[in-house]
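Residue numbers (this note's numbering): 38 to 159.
Note that the Cβ used here is the ideal one computed from N, Cα and C, for glycine as well.
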């Protein structure tokens with residue numbers, strides 16, 4: 038660790054506090070209003086935006102919500118359907134193997150029967 042020769046601050050400021058930078062002519066820090074006051078101000082003073090900007094914001098929010106719903110739906114569908122598809126695939130493979138084995142037995146039985154009939158007849 039390197040030593041820069043600076044002294045650590047006596048206290049650490051909060052994120053909402055304005056801090057004077059050393060060497061600048063900043064005013065004294067202004068404490069942030071309490072959270073309750075911020076909430077009251079936000080409720081008491083509604084933001085008046087032009088109708089077009091409000092419509093655009095609504096469209097952006099709806100598009101973002103739709104994107105998140107699509108992602109969540111895709112995730113949940115994969116989570117639910119993956120085991121079902123795995124079981125269906127396993128069952129399909131088992132059935133196909135059984136059918137293939139049966140068809141192969143029939144084919145071999147016919148081939149053997151034909152070969153035996155050729156050898157019996159002079």
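query	result
Limits of the alpha helix (DSSP H) - the one that residue 155 falls within	88-157
Residue 130 versus residue 118: straight-line alpha-carbon distance, rounded	18 Å
Counted within 10 angstroms of its Cβ, other Cβ atoms place residue 38 as buried (16 or more) or exposed	For residue 38, the predicted model reports a pLDDT of 48, less than 50, meaning its position is unreliable and no value from the coordinates is stated.
C-alpha gap between residue 101 and residue 108, whole angstroms	11 Å
Rounded C-alpha distance that separates residue 94 from residue 106	18 Å
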